[in-house]
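Below: one structure, written as structure tokens.
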């Protein structure tokens, strides 16, 4: 399977960069959930291009149209499908991609897999544009979670070698969560944003691009969401989040750093807090033990490679002649997609957590 | 869902540390595949405890018994189920785990999720022992892959702060792949093994444990295995591999390091090799573009936290009294499970790749 | 799950009788399949209301709009989503359904399951209108099957007590298959169509409705499509076809009649035909042995209850007062949906067979 | 997929007629459910051969051994796997099945699908023996349902042309449900049992076999179990029940008879009963409206073909010579499997209903 995810809340994403429309179908949402449309659009705007000096200038309205599943703005329990028309298509930019596959893109692998009929325009179904319906789905899920006291936020943890301050994994304020989840380019330390922008601008000046990481946190989770083995919180979040283009790594809690620790350093001691609730003093587990949430904030980090679309001349192959060739990619491209990816990572977290709750009878 | 994975080749793992038996059912294996039993046992032995100074001394025969699915040693196409009897159970060691959950373990989360009836003995279904049936399944898959020219190997890339030499991601020899996939404690640079053992022994002396990383490689893959979005090679491998206890992170190709690079550094240029085959000069993609294999070696690294079972006194809670408490874990435990985890990571890679091939019509 | 079906070719149907649009997403279609749009519309027309004296007069354009998945009229291999706008909505007809559930409809059960937010208009997601996207999906699948020599057709086998001539289960002509699969009210014996119409008209005169059966046949199937146990051809076809509203039974081959036979009567003897192909002399198995196609025509029959929307006064309950009540349903309703159901049954067969072939590596 | 079923409660059946063992794995059972072992064995005995003059005399202990998932006789919430050793194997009886496929059996289709490696002994994975693990799974599910006031029973509704009295679909007594679900050859009217036995004995005397039908009922269901479209109660029950070998048809409520009725006859009027509960006066819907239970008894009937294994000489093909041939099947075979099939049908109903409840949040 490819573009369908989930057992209880089945998410199906469809469309391509230059198809008539893109969209998402959600089968299994709870009934009776009111949707705050302004809040949905605000999340869509966080992912949309063209708002920031670091982003591409291709502007799109990205106004989702809900075809079904809502009645008077409230979920009916039937499948909810929403589409976004693609209005600003300049297909001619992509004519030569069938011939000269772009390094770092899916052009070559999709060509081998699907043959000549693969829709190569703008990356087709592999385009980062497909995160728009994911963010829409996440925006709905986010509201359902918030109604249950669960908040989801992220920040750009690094771009290139510039690092933001990390989340406090045991004690993050709802105010910070609120602020970050509303920002286009969320950072904990605002001073770092300008440093990061400078790194991006430098890459752009060099006709280049740059990667980064996103750290995501979920607070307010109940204990007991998740399943052993392949149904754990890590498994579900990873299997959904790797659907975001350019993502190449994910780690939970202390993650790769834990591999350098000793058990006595990495184990999070349990204690009863003043309200008699079981908590852990540290949170190197990232809020997950045995695949199941332990009531502490769920924390994970994801790595994004630099966007492969750069203006510099690159080496590639000519699939028609069977010879090596040079490629120059035209058109406008983000030198850094990490700020926008943050919205997509949060959306993936929102959908995955909603699914975890549904699977665990906690919704 | 929890302990079942896959669409085309459905893997179901069952059992607990102290149940009568553990095992695995594989539904969807191709028919007509001969099984080399010695090779299966050799893989089982790589995961088994008690072979190395770094490992626990609990010895188990781990002789899998195939109940069905083989006829004269060849797969019939019907479900293949194998079980391993649990013979060396000392349940009394675990009596107090219902009361005092171990930090870093699933005791507390499983208690909340399943209640008093959860099988807490030895971690129950959450035990690392459940990697035995995974390794068995991987051993079968490995033989089917090898028959198609695909090799899977891994090495202990680090323990604590000691690092092995990395794989050459574009040009690894079949000899190295063969050697590593047969070793109990696989390393590329044998000198590092002794350094790593010293780190483990030091942890043991301190009644502590230590984590590490495993780097895994798959060579000989065809182009075109995998699917877009949620069905990509990264998604499938991650969703399966996070079923290995203590795993907290995964990265593909350059992974988190890619987040610090520029596009011009990270993009892998295509070229035609001498046989007219499309290859990439570097392999920072880890052999995966758009979720689909590109014919280069598939490379990923996984992070393992230090095993949480340490002999030192730890802080925890007493679930019966509602007060904070001290815990001392008795029994023998690995100070480092990373060498044995390598066998499990390879097994996950073998099963995931077989599934990817099956889904892509390449089996 | 509810409105998503399939493993290899994932079908997701969305929308309700009075939502803005209804539609279908198909994830997993093979790439490179040309779509004959006229043939698609011809199938849509077979299901559409208003063409026959026996059908309701509510007219709808039912022009599907493909949002993605086709490029120059050929499948790209990416998800194909199509929507149909709902243009002719008269919601006021349905205001009282929340209060007085219609006997034989899902009003009451959906009310209990989804609560007040359930979209009751026109039956919402439970409406027979949702067979339109199913027929669309079936029309695409039908063309892919035809390209592989596989034909799908059905006929109205009975309405009330009037029975059409049955299919010859071993030797049906492609000409008959072609004729039936193009007709709005397909019957093998055209004389029976007038008798059936009279039965329907009599029911209409009585402010009543009438049920019937549809017999469906698939010819040209290869041997070996299907799986044992729960993945058999019967299982897949039944699990999809019971998604058609008002369907209450399904039987394969001799079906319920086989229950009255002896083995010597029911077993289909094998023989080699003149081309050296294995065939059976009779076809009481309906072309399926052990869940797997045997190369003979696949035959099944489905039972449709009389449409529950009748104009006569009926007994029901008033969910607001907690008292028994009388209900008179206004609006125009088909006195018999069986001729239109034939198109839906064929569509279900087309999709299910495509899935069976895909699962069996025969596509 | 083939031998795995379900989303919330995943059932995997494995083994073949002559493999070392057969069994079942259940992933997703609720924790804390006590198992009455005697009651489990009683259900196993109902399916076991050799108890009745109508049944084959091959005797098997059929003692299931639970490998995991129970602790002190109570479910732990982890996967529950049970196996049954195959002790009474006479493989030599089946040597010629690779050459001369039995009419009405899966020998030929499995040969084409799996090739020479298919396990042909006793039908392999296609054997009716595989209903033993299904009945085991059903016995567990039955106890979980009973604890929630839900009873499942069936009777042999017909053998050949002899018909038992039908269930009263609106008002069946718990006493009758209890009696039937404990009987080896359950009938409502005991006098009919002797008539049916005579029909079976006559078939045996003629070296023949005979088919029949099973009517199954589920009482005590809550309103609201099930989903629209492909997730309805009919879909789930059918997709599971068609896994029982020899089943060729299923109908719910009035089923095929409804196709001959008018709406005014078939609609079940709603009313409030004396306790203020919504009920229907008749139950032609079989307790299901729109795929969702309405609180009335759920009723369905299934058709079983006569067992194809008959002693009479039959026409078949010789797959080695490519010529038509004669086949005489040796060994002992049931002339009628319908009484034993009743236990399997009930088991399928138990598992499917447990899944429906789990999916609907009603467990």
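Chains as they are written, first to last, in my numbering: chain A, 1485 to 1847; chain B, 1485 to 1847; chain C, 1485 to 1847; chain D, 1485 to 1847.
Beta carbons are placed, not taken as given, at the ideal position from N, Cα and C, and that holds for glycine.
For a Cβ distance threshold of 8 Å, residue set 1551 and 1552 of chain A lies close to residue 1506 of chain C, ordered along the chain.
Taking 9 Å as the cut-off, the Cβ atoms of residue 1731 of chain D and residue 1641 of chain D do not count as close. When C-alpha distances from residue 1790 of chain A are compared across A:1501, A:1526, A:1582 and A:1587, the shortest belongs to A:1587. Secondary structure of residue 1639 of chain D (DSSP, three-state): strand. Spanning the alpha carbons of residue 1611 of chain D and residue 1548 of chain B requires a straight line of approximately 25 Å.
As computed with DSSP, residue 1734 of chain C is found in a beta bridge with C:1786 and D:1734. DSSP places residue 1527 of chain D in the uninterrupted alpha helix (DSSP H) bounded by 1521 to 1531.
For residue 1750 of chain C, the enclosing alpha helix (DSSP H) stretches over residues 1747 to 1750. If you draw a straight line from the Cα of residue 1649 of chain A to the Cα of residue 1568 of chain B, it is about 48 Å long. Our two residues, residue 1733 of chain B and residue 1737 of chain A, have alpha carbons roughly 9 Å apart in a direct line. The Cβ atoms of residue 1566 of chain C and residue 1507 of chain C lie closer than 9 Å to each other.
Taking C-beta separations shorter than 6 Å and ignoring five residues to either side along the sequence, the partners of residue 1552 of chain A in its chain run 1565, following chain order. No Cβ-Cβ contact shorter than 9 Å links residue 1504 of chain D with residue 1711 of chain D.
Fully contained in the region 1665 to 1752 of chain C are the following beta strand (DSSP E) runs of length 3 or more, in chain order: 1696 to 1703 and 1731 to 1736. At a beta-carbon threshold of 7 Å, none of the residues of chain C lie near residue 1806 of chain B; the nearest stands roughly 38 Å away. Taking the Cβ atoms as the reference, residue 1629 of chain A lies roughly 28 Å from residue 1820 of chain A, outside the contact range of under 8 Å. Counting along the chain, residue 1546 of chain D sits inside no beta strand (DSSP E), nor does DSSP assign it H or E at all. Within the model, the alpha-carbon separation for residue 1752 of chain B versus residue 1768 of chain B is close to 6 Å.
If you look at residue 1758 of chain D, you'll find it isn't in any beta strand (DSSP E); DSSP assigns it neither H nor E. Residue 1754 of chain C is a Cβ neighbour of residue 1808 of chain D, given a cutoff of 9 Å. Counting other Cβ atoms within 10 Å of its Cβ, residue 1557 of chain C stays below 16 and is therefore classed as exposed.
Taking 9 Å as the cut-off, the Cβ atoms of residue 1836 of chain B and residue 1724 of chain B count as close.
Taking the CA atoms as reference points, residue 1636 of chain B sits about 16 Å from residue 1772 of chain B. Neighbours of residue 1601 of chain B across chain D, judged by C-beta separation under 8 Å: 1515, 1516, 1555, 1558, 1559, 1560 and 1561. By the neighbour-count criterion, in which a residue is buried when 16 or more other Cβ atoms sit within 10 angstroms of its Cβ, residue 1822 of chain D is buried. Per DSSP, residue 1777 of chain D is one residue of the beta strand (DSSP E) stretching across 1776 to 1778. By the neighbour-count criterion, in which a residue is buried when 16 or more other Cβ atoms sit within 10 angstroms of its Cβ, residue 1812 of chain A is exposed. Looking at the backbone, the Cα of residue 1520 of chain C and that of residue 1624 of chain C are separated by about 8 Å.
Your pair residue 1601 of chain C and residue 1516 of chain A checks out as a contact, with CB atoms roughly 5 Å apart and the cut at 8 Å. For the options A:1655, A:1509 and A:1491, the alpha carbon positioned closest to that of residue 1554 of chain A is the one of A:1509. Within the same chain, Cβ atoms closer than 8 Å to the Cβ of residue 1817 of chain B are found at 1540, 1693, 1791, 1793, 1794 and 1795, the five residues on either side in sequence being excluded. By the neighbour-count criterion, in which a residue is buried when 16 or more other Cβ atoms sit within 10 angstroms of its Cβ, residue 1570 of chain A is buried. In this structure, residue 1701 of chain B places its C-beta atom within 9 Å of the C-beta atom of residue 1783 of chain B. Taking the Cα positions, residue 1689 of chain D is about 45 Å away from residue 1659 of chain C.
Residues of chain B whose Cβ lies closer than 7 Å to the Cβ of residue 1580 of chain D do not exist, since the nearest Cβ in that chain is about 16 Å away.
Cβ proximity to chain C below 8 Å picks out 1745, 1746, 1747, 1748, 1749, 1750, 1751, 1752, 1753, 1754, 1755, 1756, 1760, 1762, 1764 and 1765 from the region 1745 to 1765 of chain D.
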